[in-house]
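The sequence shown stops at residue 1058 when you use our numbering, and every number in between is there.
Ideal Cβ placement from N, Cα and C applies to all residues, glycine included.
Structure first, then comments.
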Amino acid sequence: MEPTPEQSPHHAYPDHWEADVVLRDGGTARIRPITTDDAERLVSFYEQVSDESKYYRFFAPYPRLSDRDVHRFTHHDYVDRVGLAVTIGGEFIGTVRYDRIDDRGRPASAPADEAEVAFLVQDAHQGRGVASALLEHIAAVARERGIRRFAAEVLPANNKMIKVFRDGGYTQRRSFEDGSVHLTLDLEPTEKSLAVQRGREQRAEARSVQRLLAPGSVAVIGTGRTPGGVGRTVLRNLLAAGYTGRTYAVNRAFDEGLATLDGVPAHRSLGEIDEQVDLAVIAVPAHRVPEAVADCGEHGVQGLVVLSAGYAERGAEGRELQRELVRQARSYGMRIIGPNAFGIINTAETVRLNASLAPESPARGRIGLFTQSGAIGIALLSGLHRRGAGLSSFISAGNRADVSGNDFLQYSFEDPDTDVALLYLESLGNPRKFTRLARRTAAVKPVVVVKGARHSGTNPPGHAVPVSRIPDTTVSALMRQAGVIRVDTVTEMVDAGLLLAGQPLPAGPRVAILGNSESLGLLTYDACLAEGLRPRPPVDLTTAASPQDFRDALAEALADGTCDAVIVTAIPWVGENGEAETGDGQVLAEALTKAVAGGSAKPVAVVHVEIGGLAEALAAASSTAAPRPRTAASRTVSPEAGADRAAATAPEATNDRAGTTTPATAAARTGPTAPGTATATAALGTPASGTPASGTPADATADPDTPSRPGRIPAYPAAERAVRALAEAVKYAQWRRQAAVPGKIPEFLDDTIDEAGAAALIEAQLATAPDPRGRPLSHDEARELLGRYGIDVRPTLPAPDPEAAVAAAARLGYPVALKTTAPHLRHRADLGGVRLDVADEEALRRAYGELTDLLGKPAELLPVVQAMAPRGVDTVVRASIDAAAGAILSFGLAGAPSELLGDTAHRLVPATDRDAAELIRSIRAAPVLFGWRGSAPVDTAALEELLLRLSRLVDDHPEVVSVALEPVVVAPQGLTVLGASVRLAPPPARSDVGPRRLPNY
């Protein structure tokens, strides 16, 4: 919406302030600046506000707005006077404005940094979080315009508005003056305000998905009059699944006399339906979708599943149709799954929703599944069904124009019916947010991800978001840092999901192997070693072993304190007549299940060859097995899961709709605990999330003496698959144990860092670089900047001729190094461009001559002289800003290990002390740092400190877009940074900070 000429010509309409937001109840709304075109909307909005709300706004009866009021509230300069509105269906439902004031409360301009703020929300929309969303956005606008404080006058009886200010998390002061409450808010974000904001974001986005998955009524728009077709198929599947809500068939081509179709009411439009429709499944051609969306919006539908194709997957024209679809749906407050979606499923007994093209609804289970691909969704549903596993929920998002994997994580985090979240993703969209959400969710339940399009760097069709340029190996490392279980194939995802959903987390890597085939046991043993596990020698029960022998051996292994997990291998056993008994997997399944039910809480997996029906029998036996004993344990809450607790304690944050779990409740209920410790979830015999597999209320697990049923025992047709799934569980359990005690940034760094001085240097350097791409710093400039953060770079002196080299060496002191700095020779000692341990002037002159004779003239080589550093291991430390993923810290050994073999480790910034320690230990060549083959271990503590200092630099100053310290020579005592390059540029826009907003189209 563009401004009219009446508005200030000096400040154009700030379209970057426009945002779609999810409100507390899961509906969407649009926030945008108010313009002079909004006069009629403002008057209409005001007429719908109650007299009481008007009184609270103006401190007096104020039945209508005067023309002068309307002019004042719609004319802004977008600097000193700003107004924002929240709209649904193009109409205002709430407004906020600020006016800059001086220290005496009079209208002012910059440099005055205080503004008076006032809100007004329609009574029908109060309680939806409208004012809270407006406060976040108007505060961000004010900070952008140089305003640091808000002042507000609120009547004491206006408790709702006082609560909005109080719960925002900002530093505030309150006083009572002249019959009103005077509030002053400092707008600088605080840890509490950020926690409040993210807590609200989580509840709102989770609620928006919950509304889609648990609607009270569903209308299928585009239901065919004859059997077959997409719409009629979805209607049939809804009915076959036993959907508990009301169902309607809608098609404008229905005959007027048609009352029912397949036993459900049939209508030509939503307007003919007398009751509220919560969810619409749209299965009409793309050119008719806008009409259907408008019909839904005008009749209060809450969400859409768009199965129709013909959008961004068809090219530029389709991309524009898709963006318009999202804009249209959001204008009515609706969220979209799709377009080109396969559908959604919710197996909860109270819902039983199959609004998808899947012909058979999966069994009820504890796995939540999200996929961007309909074909992959079909394969995953089939694979899980074939192996007897059930789902809690399923979303196939198609083109993922709106609802994304991030939304699914928000929902999965607090869904009590989901123990494991499986996601097939072809892009991360907002990697920073994904990493944050995944870390929090993984702290209470496993998150398993397969990422397609790993090497193409593509986005979902129709999306205009930054494309990450970092290699897939880096993406994988960052996922691991967040606790995500990253696997390569959908088969591996199902394998891991089955184990994690049905079995407790292992307390360590020690694995017992038992079975009736020596060869299969040895294959399993080798696979364990290959995956980094610690297997015990296999126990061979011989081919004559009976199911009772399996039960006894498994019970013994579970009782053995020297193992953390058990893999059972089985081939058809030999009966008394000497013939192989191929068949009844039921007998073996019952024996194994009874052993598990009576044993300690350790994960068990079965590898079987040609034992028909064993996987299905194990799944069935798990639902009827006797309770498994529990060991005494207490519950602990993960710091990640509790990060939003400050938000959850705010009255607004806990005032959610009944039946919706708050994050704090979810964290207290489900974890995470450290497997294998006194507080381990795994020690309780429950699935990996800590939520009982039986579906009982999770709070029941608070009693350590209450038994819980075991989860299903997963069965695998190959040893490698079972072992790989177990190895992922072991690594995830280790991450959970470590995440329970978060890392920290050492306080000593604060005493040796000059943040303000570095900021001044950066500002001065960028002021001399008109190029928006920024500029590289010279060696001396880089040394000065790094020195502000306690990173000492050994000086180098130019040596354009032998005499200059001799003078430089005399200044630095012998021995010295003579090396070239030409770009094509930098860090290429193998080409002969470096001479080390030059002991005196004669040797220096000789080395200089050899260098120029071999490689070229001094003007081409750009030689420098540098004092020698103590001997050690050459390493390289880097930090860079990726447009999508954010700031990344990297470490590796210099030369071939990192450049040729790609042996480099990565962590997101800011890095903690734990991140730094893990970073240097996670490369394959790490033993070189710790005394490999009798060499002296190097000073890894100094290396960790260097990593922390560099992390702090790029975190404090996003203008530092690239740093490379190479080489960093790490000696047994201390380290030396021999080379440094730094590049400055205006920082890229960040999508994970600032007020909440949905991706903009």
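#1: Can you grab the Cα-Cα spacing for the pair residue 462 / residue 794, in whole Å?
#2: Over the uninterrupted alpha helix (DSSP H) stretch that includes residue 463, give me the two end residues.
#3: Going by DSSP, name the residue or residues bridged to residue 35.
#4: With residue 360 and residue 391 assumed to form a contact (beta carbons below 8 Å), what rounded beta-carbon distance in angstroms separates them?
#5: Beta-carbon separation of residue 802 and residue 1015 under 9 Å?
#6: Check this for me: beta carbons of residue 949 and residue 932, under 9 Å apart or not?
#7: Where does residue 743 land, buried or exposed, given buried means 16+ other C-beta within 10 angstroms?
#8: Any chance you could list the alpha helix (DSSP H) runs of at least 4 consecutive residues sitting entirely within the segment 969 to 1055, in chain order?
#9: Note the first and the last residue of the continuous alpha helix (DSSP H) segment covering residue 788.
#10: May I ask you to list the residues that DSSP assigns as paired with residue 304?
#11: Drop a sphere of 10 angstroms on the beta-carbon of residue 194, count the other beta-carbons inside from all chains shown, and report buried for 16 or more, exposed for fewer.
#12: Measure the alpha-carbon distance for residue 421 versus residue 232 and round it to whole angstroms.
#13: Could you check the C-alpha separation between residue 798 and residue 970 for me, to the nearest Å?
#14: Ignore the nearest five residues each way along the sequence and tell me which others in residue 136's own chain have a CB closer than 6 Å to its CB.
#15: On the CB-based measure, 16 or more other CB atoms within 10 Å of its CB, does residue 581 come out buried or exposed?
#16: If you compare alpha carbons, which of 778, 888, 835 and 901 is closest to residue 862?
#17: So residue 240 packs on residue 211, CB below 8 Å; how close in whole Å?
#18: Taking the alpha-carbon positions, what's the residue 399 to residue 648 distance?
#19: On the three-state DSSP scale, how would you describe residue 359?
#20: Helix, strand or coil: how does DSSP classify residue 593 here?
#21: Starting from residue 242 and walking both ways along the beta strand (DSSP E), at which residues does that stretch end?
#22: Quick one: what's residue 229 bridged to in DSSP?
#23: Once the 5 residues before and after residue 777 are set aside, which same chain residues still bring their CB inside 7 Å of it?
#24: For the pair the segment 286 to 299 and the segment 402 to 411, tell me if three or more CB-CB distances fall below 8 Å.
#25: Skipping 5 residues on each side, what residues in its chain have a beta carbon closer than 6 Å to that of residue 981?
#26: For residue 578, I'd like the list of residues in its chain whose CB is within less than 7 Å of its CB, leaving aside the five on either flank, ordered along the chain.
#27: How about residue 800: is its C-beta nearer than 9 Å to some C-beta of chain C?
#28: Could you tell me which residues DSSP pairs with residue 657 in its beta bridges?
#29: State whether the segment 331 to 341 contacts the segment 263 to 278, with contact taken as three or more CB pairs (one from each stretch) at a distance under 8 Å.
#30: In whole angstroms, what separates the C-alpha of residue 1067 from that of residue 928?
#31: Output the distance between the C-alpha atoms of residue 816 and residue 845, rounded to the nearest integer angstrom.
#32: Quick check: the Cα distance between residue 330 and residue 314, rounded to an integer number of angstroms?
#33: When the distance is taken between beta carbons, is residue 610 closer than 9 Å to residue 643?
#34: My guess is that residue 156 and residue 173 are in contact by the Cβ rule of under 8 Å, so how many angstroms apart are they, rounded?
#35: Among 139, 146 and 110, whose alpha-carbon lies nearest the alpha-carbon of residue 164?
#36: Could you tell me the distance, in whole angstroms, from the CA atom of residue 152 to the CA atom of residue 85?
In short, the structure shows the following:
#1: Answer to the nearest angstrom: the Cα atoms are 26 Å apart.
#2: Unbroken alpha helix (DSSP H) run through residue 463: 462 to 471.
#3: Residue 35 cannot be examined here, being either before or after the span of the chain that is shown, 58 to 1058.
#4: Right, the Cβ-Cβ distance comes to about 6 Å (below 8 Å), so this counts as a contact.
#5: Result no, Cβ atoms of residue 802 and residue 1015 do not sit closer than 9 Å.
#6: Closer than 9 Å, so yes.
#7: Below a pLDDT of 50, predicted positions are generally treated as unreliable, and residue 743, at 41, falls in that range; the measurement from the model is reported next regardless. By the neighbour-count rule (16 or more Cβ atoms within 10 Å), residue 743 is buried.
#8: If we require 4 residues or more, the alpha helix (DSSP H) runs fully inside the segment 969 to 1055 come out as 970 to 978 and 997 to 1013.
#9: Counting along the chain, residue 788 sits inside the alpha helix (DSSP H) bounded by residues 776 to 796.
#10: DSSP lists 275 as the beta-bridge partner residues of residue 304.
#11: Residue 194 is buried by the Cβ-count criterion.
#12: Cα to Cα, the separation comes out at about 55 Å.
#13: Per the coordinates, the alpha-carbon of residue 798 lies some 12 Å from the alpha-carbon of residue 970.
#14: Exclusion of the five residues before and after residue 136 leaves 68 and 202 as the residues of its chain whose Cβ lies within less than 6 Å of its Cβ.
#15: Buried, because 16 or more other Cβ atoms sit within 10 Å of the Cβ of residue 581.
#16: Ranking 778, 888, 835 and 901 by Cα distance to residue 862 puts 901 first.
#17: Rounded, the Cβ-Cβ distance is 6 Å, consistent with contact.
#18: Spanning the two alpha carbons is a distance of roughly 40 Å.
#19: In the three-state reduction of the DSSP assignment, residue 359 falls in the coil class, being assigned neither a helical nor a strand state.
#20: DSSP places residue 593 in the coil class of the three-state scheme, outside both helix and strand.
#21: First-last of the beta strand (DSSP E) with residue 242: 237 to 243.
#22: Answer by DSSP bridge pairing, in chain order: 242.
#23: Closer than 7 Å at the Cβ level, and outside the excluded window around residue 777, lie 584.
#24: Verdict: yes, contact present.
#25: Same-chain partners within the cutoff: 960.
#26: Counting only Cβ-Cβ distances below 7 Å, and skipping sequence neighbours, we find 570, 572, 595, 597 and 626.
#27: Here chain C cannot be found, since the structure has a single protein chain.
#28: The secondary-structure analysis by DSSP pairs residue 657 with nothing; it has no beta-bridge partner.
#29: Contact between the segment 331 to 341 and the segment 263 to 278 is present, because at least three Cβ pairs lie under 8 Å.
#30: Given a span of 58 to 1058 for the chain in the structure shown, any question on residue 1067 remains unanswerable.
#31: Roughly 10 Å separates the two Cα atoms.
#32: Roughly 15 Å separates the two Cα atoms.
#33: Here residue 643 is not near residue 610, since their CB atoms are 9 Å or more apart.
#34: Confirmed, about 5 Å.
#35: Per the C-alpha coordinates, the member of 139, 146 and 110 positioned closest to residue 164 is 139.
#36: The alpha-carbon of residue 152 is positioned some 16 Å away from that of residue 85.
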